[in-house]
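Novice: My structure is below; once you've seen it, I'll send some questions.
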Amino acid sequence: MAYVPHTPADVDAMLTRIGVSSLAELFATVPAEVRFPPIDLPGPQSELETLQELQALAERNIDVTHTPWFLGAGAYQHWVPSVVNHILLRSEFYTAYTPYQPEISQGTLQAIFEYQSLICDLTGMEVSNASHYDGATALAEAVIMAQSAARGARRRVVMSGAVHPEYRATVRTYTQGMALEIVGEDDPQRPLADLATLVDDQTSCLIVQSPDFFGRIADLRGLADIVHAHKALFIVVVDPISLGLFQAPGALGADLVVGEGQSLGSALSFGGPYLGFLATRQELVRRMAGRLVGETIDTDGKRGFVLTLSTREQHIRREKATSNICSNEGLNALAAAVYLSTLGKSGLRQVAELCYHRAHYAAQAIAALPGYEVALTAPFFDEFVVTCPRPVADINAALWHDHGIIGGYDLGQPFPGMERQMLVCVTEMNHRPQIDRFVAALQEVAR
Amino acid sequence: MAYVPHTPADVDAMLTRIGVSSLAELFATVPAEVRFPPIDLPGPQSELETLQELQALAERNIDVTHTPWFLGAGAYQHWVPSVVNHILLRSEFYTAYTPYQPEISQGTLQAIFEYQSLICDLTGMEVSNASHYDGATALAEAVIMAQSAARGARRRVVMSGAVHPEYRATVRTYTQGMALEIVGEDDPQRPLADLATLVDDQTSCLIVQSPDFFGRIADLRGLADIVHAHKALFIVVVDPISLGLFQAPGALGADLVVGEGQSLGSALSFGGPYLGFLATRQELVRRMAGRLVGETIDTDGKRGFVLTLSTREQHIRREKATSNICSNEGLNALAAAVYLSTLGKSGLRQVAELCYHRAHYAAQAIAALPGYEVALTAPFFDEFVVTCPRPVADINAALWHDHGIIGGYDLGQPFPGMERQMLVCVTEMNHRPQIDRFVAALQEVAR
Amino acid sequence: MSEPIIYELSAPGRKGATLPALDVPEAPLPDQALLRDDLPLPEVSEVDVVRHFVRLSQLNYGVDLSMYPLGSCTMKYNPKMNEDAARLTGFSQVHPYQPTETVQGCLELMYRLQEALKALSGFSAVSLQPAAGAHGELTGVLTIRAYHVSRGDTQRDLMLIPDSAHGTNPASTSMSGMTMVELRSDERGNVSLDDLRAHLSDRVAGMMLTNPNTLGLFDEHLLEIARLVHEAGGLMYGDGANMNALLGIAKPAQLGFDVMHFNLHKTFSTPHGGGGPGSGPVGANPELAEFLPGPLVVRDEAEGTFQLAMPEHSIGRVKSFYGQFAVMVRAYAYIRLLGAAGLREVSEMAVLNANYLQSILKEVLPLPHDRPCMHEFVLSGQIEGAPDIRALDISKRLIDYGVHPPTNYFPLIVPEALMIEPTETESKESLDYFAQALTQIVAEAQTQPGLLHDAPHTAPVRRLDEVRAARNLVLRWQPTPKA
Amino acid sequence: MSEPIIYELSAPGRKGATLPALDVPEAPLPDQALLRDDLPLPEVSEVDVVRHFVRLSQLNYGVDLSMYPLGSCTMKYNPKMNEDAARLTGFSQVHPYQPTETVQGCLELMYRLQEALKALSGFSAVSLQPAAGAHGELTGVLTIRAYHVSRGDTQRDLMLIPDSAHGTNPASTSMSGMTMVELRSDERGNVSLDDLRAHLSDRVAGMMLTNPNTLGLFDEHLLEIARLVHEAGGLMYGDGANMNALLGIAKPAQLGFDVMHFNLHKTFSTPHGGGGPGSGPVGANPELAEFLPGPLVVRDEAEGTFQLAMPEHSIGRVKSFYGQFAVMVRAYAYIRLLGAAGLREVSEMAVLNANYLQSILKEVLPLPHDRPCMHEFVLSGQIEGAPDIRALDISKRLIDYGVHPPTNYFPLIVPEALMIEPTETESKESLDYFAQALTQIVAEAQTQPGLLHDAPHTAPVRRLDEVRAARNLVLRWQPTPKA
Ligand SMILES: Cc1ncc(COP(=O)(O)O)c(C=O)c1O
Ligand SMILES: Cc1ncc(COP(=O)(O)O)c(C=O)c1O
């Protein structure tokens with residue numbers, strides 16, 4: 067059988083050594099009435115057949131590389147340099163466990179230390195942990211951290227309705243047993259200054275997103291002061307690619323910066339595995355969820371890295387741990403480290419600029435189409451909302467069936483009433499001819 | 067610029083150290099009249115654009131994984147286990163040079179030592195070298211070895227016309243300055259016993275192929291005795307996959323066994339890079355072309371491997387070297403070592419059996435079609451000749467355009483007069499439904 | 093030579109990537125205050141990046157190098173085929189919000205995986221959304237909570253958890269807003285039935301049980317435990333971390349569990365990635381199915397298509413999108429290749445390997461619970477005649493023998509625990525080597541304890557100072573201020 | 093721990109692969125005498141294979157680990173993108189005998205590569221068929237021979253080759269049936285014009301010249317040499333191994349060469365693979381083009397399609413099919429990404445790096461030809477005050493410093509040659525480290541020569557006994573006979 071190295075002679079010798087006469091005897095403690103049940107699964111098949119079957123399934127999907135694409139909304143098509151996958155294929159990395167034995171895990175540990183450093187520099191924060199499952203769970207954990215910082219005494223959470231709907235849903239799921247009052251979500255168009263007025267002395271945190279779910283760059287100036295006046299924490303959700311161009315939230319007084327790191331070298335992969343990042347200020351480090359890698363020295367005085375502050379974690383603190391998170395997204399964090407190292411200072415800025423200028427080019431062209439409207443007043447990064455002459459569902463169906471184009475995100479899905487609003491995403495992967503083709507197609511499908 | 071790490075400051079500092087004031091000054095010895103010519107090539111472009119351009123080119127080809135396929139004739143579609151490519155992607159292997167510094171090349175050296183061992187076991191020979199460019203050049207080098215064994219005193223080479231036409235052509239190209247007389251090729255159908263009568267005391271070698279170019283398993287018994295009676299060498303060209311089932315030429319008295327090792331884990335890749343293997347008897351080792359890895363010990367007595375007998379090679383022997391070959395097909399030899407290790411004793415036999423039985427199933431079904439003929443009398447492995455009711459060129463065009471099937475090899479190409487003969491190849495990659503579809507399609511395109 | 097930090101390789105103006113030229117007019121940038129002035133990322137070339145991370149990789153130990161008997165982690169071989177499958181363009185380059193008609197392949201794969209996990213576990217529904225084991229636990233506990241709440245049973249706020257449990261169980265319970273009650277284990281390594289009975293009440297929401305438990309033992313009273321908890325109105329949560337012992341051996345649903353998480357990154361061979369990504373699907377019985385997080389994949393029998401759907405009373409989503417899809421691809425490939433027979437053989441050989449090793453090693457080190465184990469077992473690293481030697485010293489010395497150490501100090505109920513899980517992909521030769529190494533180390537401990545205290549001797553670094561790391565926190569690289 | 097031979101891991105009945113079941117009736121097998129009874133291959137599991145070869149890989153040194161200044165080999169960084177490009181299904185899963193209408197993408201790529209090589213070299217035709225540099229030499233020499241024969245100039249059987257030439261040049265000449273005449277180099281490292289003149293005659297078929305030559309020097313009389321050879325009726329063959337110095341700097345055809353091979357595995361960044369595959373396309377001027385081996389790719393301008401065609405008086409094919417296609421894909425990707433400007437920068441930086449290093453190291457070790465070099469230079473490993481130290485000792489000691497040694501004992505005209513080619517992908521920091529290491533080693537040689545004699549100290553094995561390997565030939569693994 068595949069993947070099992072035992073020869074019949076091995077099995078015999080081993081059974082003899084154990085002192086049993088059959089494999090079945092090893093399972094004597096399993097209640098006889100439920101032992102060895104029939105399993106309704108097909109029989110074994112070869113690697114060749116299995117891979118062919120998977121290939122056939124894969125080819126029943128339409129993939130981004132063969133289709134013009136204007137879909138974002140929390141998962142983005144960005145260029146991933148070839149080096150990233152080559153490093154991910156180093157099996158010393160991907161076949162290792164969490165680095166519990168640091169002396170033989172310096173590769174993982176140093177890479178995560180570098181990841182933490184890169185995330186700090188990108189967000190302008192002081193500390194980053196080793197990752198979360200994704201942006202949504204990173205936000206949920208940030209909210210729990212804020213609860214903990216308030217020693218559980220504050221029950222109000224003020225959250226902008228322009229935070230990604232699935233992130234908001236995840237926060238609600240995570241905190242459903244915590245008796246919180248989450249306010250501010252009702253109107254996604256509410257100005258932030260307005261939202262901030264909801265912050266009071268019962269509030270543990272204010273959560274805003276920039277660029278927000280509708281692509282708008284939020285002006286965060288002044289918000290931190292309001293939040294801090296109430297001794298609450300200021301949580302900002304960001305798109306890491308936008309930070310190639312836009313101000314780091316750390317410079318604007320954020321206490322916690324979280325986001326989805328998929329754009330930093332992880333494939334789209336139909337939604338996962340992605341990478342949640344979470345960065346904060348030094349003084350909150352002991353309340354932080356997740357793993358942390360710290361620098362130290364070995365007995366020869368040589369620099370080395372270890373998992374540290376594990377006293378926060380569930381192995382030691384059990385029910386008092388800052389979080390239950392154990393396995394996280396180590397390999398995606400490695401991808402992000404390789405990605406950010408390869409792109410570097412100038413490369414990330416270039417990517418952000420390409421996104422910015424191409425998105426603005428597209429927005430302007432679409433705004434000029436009869437029947438379509440684009441709000442060009444608020445600053446945006448690589449996504450913007452287009453008001454369409456027909457329901458987005460119809461437009462998208464026509465774009466796909468008649469033009470082979472995958473259109474933008476239908477805002478009517480999460481926001482009843484916005485059925486004619488399309489969230490269009492343009493990145494460095496959409497070159498001008500593709501944008502022109504999209505604009506022309508939009509015109510054609512206008513009715 | 068890509069791949070060049072120099073910053074402007076680096077360049078300045080380096081020029082200063084060298085004592086020149088500009089990069090151009092470094093090229094003062096290049097005659098001014100031809101220095102810095104314009105190069106008619108497009109400008110630089112990004113990795114993303116380059117890969118997209120290549121992807122677009124690649125997609126203008128029809129590939130084997132998406133089409134039923136019955137083409138062999140010297141390059142074969144066989145299953146390559148996933149492990150092979152994963153090992154080939156280990157960059158310590160593929161970014162190394164020829165292992166001139168054995169202490170830091172034990173990976174390559176031991177792998178090649180294992181490759182040599184595996185080829186010996188497969189062919190039944192005593193010594194294998196580290197590889198040749200491909201099967202054709204391995205044969206050419208074998209012929210030159212036979213010349214050398216005869217100390218240049220014998221000018222006749224007897225070569226079966228059923229040896230792959232491109233191998234025969236390559237032998238002629240290689241030896242065009244050597245004033246040889248190559249005989250026996252005229253009639254590819256000539257029985258081997260007949261062919262052997264051409265061997266005389268002026269003959270350096272007899273060359274036969276099994277399975278031959280037409281797929282027939284040759285009965286080699288008795289040939290070695292005839293050849294050796296004339297003190298000539300017996301050279302056999304083989305398909306390594308067939309050796310999972312069929313007798314090793316070493317057991318039948320061959321002096322040199324050569325062949326194309328592409329089937330052993332190398333991709334089809336439109337014809338290259340492939341893997342020439344060459345194995346011989348111990349007493350001929352000093353006349354052997356190519357690299358050899360040998361076992362030794364280090365100063366601590368630990369086992370290790372080195373390139374050996376380099377006194378045969380051009381670095382030392384220069385114009386008296388056994389061959390000019392320097393870079394060979396190291397990575398393909400590594401692929402073969404991984405392939406043969408993974409398949410192993412039972413796996414290679416299973417592959418050979420699948421080929422054999424499926425090819426015979428196909429042959430029988432085609433033989434039963436009106437208008438088609440298959441010679442089912444001579445034993446064959448995974449290829450056989452089908453006589454078609456129409457020219458193969460027409461049949462193949464119809465198969466492709468009307469049925470999306472790539473048919474067999476048109477024997478009329480190398481053999482004028484055989485325009486209605488198709489060489490059909492069936493391997494473990496062609497499952498029964500695919501064969502049935504092919505047979506049905508053949509019936510339809512019969513006229 | 094130790095490897096520099098990537099920032100230490102940086103030089104102003106060096107570039108590692110080439111990007112397309114701007115092909116549209118430049119749009120005006122917004123208010124300068126919204127823009128950043130400095131982006132302090134490293135500046136390195138592509139070759140710097142590759143060499144740096146290749147060299148780092150060589151400082152790591154993985155399953156691809158040798159045996160990795162890290163108890164509770166099921167560090168089996170990760171088939172290479174699965175890596176190829178997950179990287180197929182049709183899987184890797186697909187957006188989660190594409191029209192469902194354009195992602196039928198993804199949805200069908202998820203559906204088939206749901207069905208396969210149901211077939212193996214006996215549960216009636218599976219949600220693939222949770223991202224790891226602990227995430228599955230939180231999901232399961234919230235599901236149990238939602239069930240009780242839906243029935244108005246709102247006073248149920250206690251979760252029973254044995255003292256042998258993994259730390260994530262209590263932590264997940266806390267996150268759900270419930271309170272945990274710790275149950276003692278008995279001397280045979282089972283849950284103490286007396287202690288269980290003593291804690292049952294109408295405040296009990298359920299019990300979290302790992303079976304086989306973290307001692308590698310199948311609880312001898314499992315059916316009885318489930319009966320008692322159910323009688324008290326509680327539900328049974330299964331921590332499926334140890335499912336590698338049970339494939340084709342027993343279905344958790346038939347063992348009394350109501351809801352359980354799977355670890356695709358353990359049982360189903362997906363690589364652990366040096367700390368994730370994992371995947372922790374949750375299965376549930378018919379009463380709990382409607383509370384699972386979604387969306388799940390359902391099949392429209394009439395159309396033969398696959399769609400996403402939210403369970404009726406779902407606790408909500410536990411993350412964005414649908415779960416760790418690329419991990420699911422790998423797990424499905426593994427299940428499909430092995431089939432029912434192959435999966436049963438996996439568990440048989442895993443259990444055979446553990447018992448074989450236990451039979452040898454119990455003569456070398458104390459085995460606190462001396463009875464046939466399942467897929468793993470726990471020794472105590474207390475060596476007669478070597479009082480100063482701790483489990484950690486033994487582990488570090490194993491590194492010098494070229495094998496990865498077992499799990500240390502877990503479960504907490506065994507002093508100086510050495511938790512050994514060989515997995516089925518190790519050969520007899522590999523087990524014999526490990527047993528021999530451990531035997532030799534025990535001898536060394538008695539005669540040359542310094543060898544152990546100073547271990548490892550052959551690793552890329554010597555023993556690292558973890559206390560210093562925690563006291564003097566350095567969690568990121570920073571430029572050394574210019575003097 | 094040294095790594096066992098794969099056979100030593102074998103156990104009867106162990107399997108590493110799964111294959112499809114037979115789905116057709118079994119056909120009768122032929123005569124037993126045609127079949128083999130035993131197939132003595134190893135029997136190992138998939139995990140055995142992976143671990144074995146991963147561990148072996150870690151015993152190797154490659155460009156991806158650090159600097160590899162192996163002179164004459166142009167061990168530059170191999171871009172990862174190229175590996176991905178070569179593995180695209182549409183390139184890797186294509187059969188050479190498919191109908192040309194189904195392989196237009198492959199043919200167009202080859203065509204574009206032919207054109208690019210022509211643009212860079214000034215030649216009028218390029219054959220992509222040769223598989224490596226030496227293969228290109230044989231091709232070129234046979235082409236020259238065919239040219240003379242076609243003109244009835246059959247007495248031309250001598251090939252002039254400088255004493256600095258690579259060993260493949262004389263060996264290729266012999267294989268072509270011609271005889272080589274060795275020419276001396278002068279004290280500036282040029283071909284001695286006097287010696288050249290002395291050997292010119294109507295028996296001269298041509299001259300094989302490497303330029304820049306293997307000392308890394310551009311011959312100061314190159315145009316004069318070509319003129320003299322041409323006047324004598326001979327042709328100029330260029331060994332293009334050192335083309336990395338000339339991209340955008342000079343076109344070989346304009347330097348007087350009539351035919352030349354390129355090394356895609358040197359100049360154009362395709363990985364050397366631990367000993368191949370390489371690729372050695374040959375370019376030729378208009379008079380020689382018709383003799384090139386084929387098929388070449390031609391463009392049907394009317395149809396816009398690409399076809400294969402044999403040159404009119406081709407010497408024939410030099411291998412099966414069309415050359416090392418997957419290597420061509422990598423080289424084309426490299427050329428396309430860099431473009432004309434990028435390629436020129438490659439040569440500029442390669443030459444800058446070599447001169448920079450030479451300027452430092454000539455103060456450390458003797459530089460026999462002290463003038464500005466091109467992409468490489470040759471030191472003599474003779475250290476004052478350390479008479480017992482040989483170039484090899486210096487090289488082995490470099491291993492302890494973590495860098496790959498230079499080429500040793502080539503070219504033959506420099507005693508104790510250390511031939512250093514940094515390539516353009518090394519940074520200044522990397523060169524400075526190398527220079528520092530070599531400086532330190534020279535100091536060690538004078539004070540602690542034993543350190544060098546016993547080197548390497550940190551490699552996976554100590555210095556290996558090459559004499560023993562050649563005397564006591566063990567070229568394959570064989571089972572140790574059972575006692
Ligand atoms: C018994 C047990 N439960 C839960 C977990 C947590 O699983 P994960 O790391 O996937 O979150 C582990 C992980 O080691 C475990 O061993
Ligand atoms: C100058 C020179 N010529 C020819 C060759 C032979 O090239 P190949 O190894 O590609 O056959 C080499 C290889 O190192 C070389 O350096």
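First to last, the sequence lines map onto chains E, B, S and V.
Under the working numbering, the first residue of the first sequence is numbered 67, with each subsequent residue one higher.
Under the working numbering, the first residue of the second sequence is numbered 67, with each subsequent residue one higher.
Under the working numbering, the first residue of the third sequence is numbered 93, with each subsequent residue one higher.
Under the working numbering, the first residue of the fourth sequence is numbered 93, with each subsequent residue one higher.
Each residue gets a CB set at the ideal place from its N, CA and C atoms; glycine is no exception.
Using DSSP with H/G/I as helix, E/B as strand and the rest coil, what is E247(B)?
Specialist: In this structure, E247(B) counts as strand in the three-state DSSP scheme.
Novice: Check whether the stretch 204–222 of chain S and the stretch 210–228 of chain E are in contact - that is, three or more C-beta pairs closer than 8 angstroms.
Specialist: Segments in contact, no.
Novice: Helix, strand or coil, according to DSSP, for R222(B) in the structure here?
Specialist: Of the three classes helix, strand and coil, the one that applies to R222(B) here is strand, per DSSP.
Novice: Could you tell me if the beta carbon of H258(S) falls within a distance shorter than 7 angstroms of some heavy atom in ligand 1?
Specialist: True, at least one ligand heavy atom lies under 7 angstroms from that Cβ.
Novice: Measure the Cβ-Cβ separation of A298(B) and S270(B) and say whether it is below 8 angstroms.
Specialist: Cβ distance < 8 angstroms, so A298(B) and S270(B) count as in contact.
Novice: Taking beta-carbon pairs under 9 angstroms, can you tell me which members of the stretch 147–164 of chain B lie near chain D?
Specialist: In the displayed structure, chain D is absent; the protein chains listed are E, B, S and V.
Novice: Could you check what DSSP says for G182(S) in three-state terms: helix, strand or coil?
Specialist: It is helical.
Novice: Does the distance between the C-beta of D331(S) and the nearest non-hydrogen atom of ligand 1 fall short of 7 angstroms?
Specialist: Correct: D331(S) has its Cβ closer than 7 angstroms to ligand 1.
Novice: When we look at the beta-carbon of L356(V) and count the other beta-carbons within 10 Å, is it buried (16 or more) or exposed?
Specialist: L356(V) is buried by the Cβ-count criterion.
Novice: In chain order, what are the residue ranges of uninterrupted beta strand (DSSP E) at least 3 long that sit wholly in the stretch 253–284 of chain S?
Specialist: Counting only runs of 3 or more, we get 271–275.
Novice: To the nearest angstrom, report how far apart D321(E) and M167(V) are at their CA atoms.
Specialist: Roughly 49 angstroms separates the two Cα atoms.
Novice: Taking Cβ-Cβ distances below 8 angstroms as the criterion, which residues of the stretch 97–117 of chain E are in contact with chain B?
Specialist: Correct list: E113, L114 and L117.
Novice: Pull up the CB-CB distance for L154(B) and Y160(B), whole angstroms please, since I reckon it's below 8 angstroms.
Specialist: Contact holds; Cβ gap of about 6 angstroms.
Novice: Does the stretch 509–521 of chain S touch the stretch 112–123 of chain S, meaning 3 or more C-beta pairs lie closer than 8 angstroms?
Specialist: Contact fails: fewer than three Cβ-Cβ distances are below 8 angstroms.
Novice: Three-state secondary structure (DSSP) at W466(B)?
Specialist: Residue state, collapsed to three classes: helix.
Novice: Could you tell me if the beta carbon of G408(S) falls within a distance shorter than 7 angstroms of some heavy atom in ligand 1?
Specialist: No, Cβ of G408(S) sits at least 7 angstroms from all heavy atoms of ligand 1.
Novice: Cβ of T306(S) versus every heavy atom of ligand 1: is any distance shorter than 7 angstroms?
Specialist: Yes, Cβ of T306(S) sits closer than 7 angstroms to a heavy atom of ligand 1.
Novice: Please determine whether the Cβ atom of G494(S) lies at a distance below 7 angstroms from any heavy atom of ligand 1.
Specialist: Checking every heavy atom of ligand 1 against the Cβ of G494(S), none is found closer than 7 angstroms.
Novice: Are the Cβ atoms of T174(B) and E138(V) separated by less than 8 angstroms?
Specialist: No, these two residues do not count as a Cβ contact at 8 angstroms.
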